[in-house]
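A.B. asks: Have a look at this one.
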DNA sequence: AGTTTTTGACCTTCTTTGACCTTTAATTAT
DNA sequence: ATAATTAAAGGTCAAAGAAGGTCAAAAACT
């Protein structure tokens with residue numbers, strides 16, 4: 002984990018621990034200065050790690066007194082899994098799939114054990130197919146599993 | 002006598018001696034440089050020697066700060082799950098796979114939820130491939146998942 | 001002959017940097 | 001007071017850099 006983007010990502014995520022509201026404001030230049038990097042690297046981290054699919058919403062304002070505000074989204078039980086299924090679509094890369102699985106765990110939709118099961122099932126070394134087929138099969142597996150989870154929840158809840 | 006691939010294999014395996022967690026990270030180019038070989042030879046060694054069947058799990062990431070992570074799976078000898086993996090082999094039909102999953106549930110190796118997750122993952126309707134490929138991919142997924150479960154249990158159970 | 005290993009050319013993904021741009025607030029000049 | 005200017009943010013985009021991946025042909029074993 003030697004790259005700066007990951008370090009910045011972790012740093013920001015830790016800042017959320019002190020923010021019970023789940024809303025955080027940062028100054029781009031201050032942060033860039035702290036990490037001794039180009040300011041645009043902060044944007045890079047935000048656009049690759051703090052996306053909607055990963056459960057964050059980013060707003061900002063320029064000019065004097067400007068800021069970047071990052072909100073950690075609270076999931077809406079009923080629609081959360083449905084949205085993820087839509088996001089997955091027909092094909093998904095290994096790294097995106099992994100991000101989704103991690104998010105499901107963070108949101109406590111799946112257990113750690115289940116996370117491991119899923120990661121194993123979609124790992125490219127375990128899917129001996131052409132890259133394009135891998136992405137397609139991965140999307141199918143992900144959607145099937147999430148659908149199964151939804152069904153399970155529904156049955157439990159409705160009895 | 003020993004060819005380069007064997008030497009690299011041994012070298013990597015020795016590196017595990019210093020890693021009590023059984024998780025190792027290497028740099029492909031660094032390693033290729035050390036052994037004065039083509040970088041792709043490292044991939045060759047990984048795909049032929051560090052497979053699930055041999056008890057390893059490989060993940061990687063490209064780009065700056067990229068890496069190849071090799072996990073030596075912790076598996077207790079003589080475990081029931083190991084027999085199942087052998088039984089699965091290279092290819093398995095949907096009905097056989099389903100029977101195995103149900104058996105795992107009956108033996109309380111997996112929860113009901115996990116059973117549903119697995120059944121969804123290996124269902125033929127979710128694997129848009131030729132029948133032969135389906136059976137092969139299904140076997141891979143089953144083995145990967147069972148291996149992940151064994152590793153998870155072994156790590157949890159205080160090594 | 002058949003299988004395994006080795007090599008190399010070419011590809012994809014992810015990160016970092018920098019030059020240039022836009023928006024907003026604060027200050028200054030009229 | 002208002003308009004013009006300056007300062008203070010943040011934004012964009014493309015190029016360069018830093019990994020790792022793939023595939024098939026050639027070479028070396030058995």
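Chains as they are written, first to last, in this note's numbering: chain A, 2 to 160; chain B, 2 to 160. Backbone N, C-alpha and C define an ideal beta-carbon position, used for all residues, glycine too.
Only counting the same chain, and skipping five residues up and downstream in sequence, which positions put a Cβ closer than 8 angstroms to that of residue 68 of chain A?
C.D. replies: 26, 27, 28, 61, 62
A.B. asks: Evaluate residue 157 of chain B with the Cβ neighbour count: other Cβ atoms within 10 Å of its Cβ, from every protein chain shown; 16 or more gives buried, anything less gives exposed.
C.D. replies: exposed
A.B. asks: Is the CB-CB distance between residue 121 of chain B and residue 146 of chain B below 9 angstroms?
C.D. replies: no
A.B. asks: Would you call the CB atoms of residue 93 of chain B and residue 119 of chain B closer than 9 angstroms?
C.D. replies: Not closer than 9 angstroms, so no.
A.B. asks: Taking DSSP as the reference, what is the three-state secondary structure of residue 63 of chain A?
C.D. replies: coil
A.B. asks: In the DSSP assignment, find the unbroken alpha helix (DSSP H) run with residue 25 of chain A in it and report its ends.
C.D. replies: Note, residue 25 of chain A: premise wrong, no alpha helix (DSSP H); beta strand (DSSP E) at 24–27.
A.B. asks: Can you grab the Cα-Cα spacing for the pair residue 89 of chain B / residue 148 of chain B, in whole Å?
C.D. replies: 12 angstroms
A.B. asks: Taking the DSSP output, what are the residues bridged to residue 72 of chain B?
C.D. replies: B/24, B/58
A.B. asks: Are the C-beta of residue 59 of chain B and some C-beta of chain A separated by less than 9 angstroms?
C.D. replies: yes
A.B. asks: Hey, which unbroken runs of the alpha helix (DSSP H) at 4 residues or more fall wholly within the segment 61–147 of chain A?
C.D. replies: Listed in chain order, the complete alpha helix (DSSP H) runs (minimum 4 residues) inside the segment 61–147 of chain A are 78–89, 95–107, 113–123.
A.B. asks: Give the DSSP-derived three-state secondary structure of residue 34 of chain B in the structure shown.
C.D. replies: helix
A.B. asks: Candidates A/137, A/134, A/128, A/144: which alpha carbon is nearest residue 139 of chain B's?
C.D. replies: A/128
A.B. asks: DSSP three-state call for residue 48 of chain B: helix, strand or coil?
C.D. replies: Correct three-state label for residue 48 of chain B: helix.
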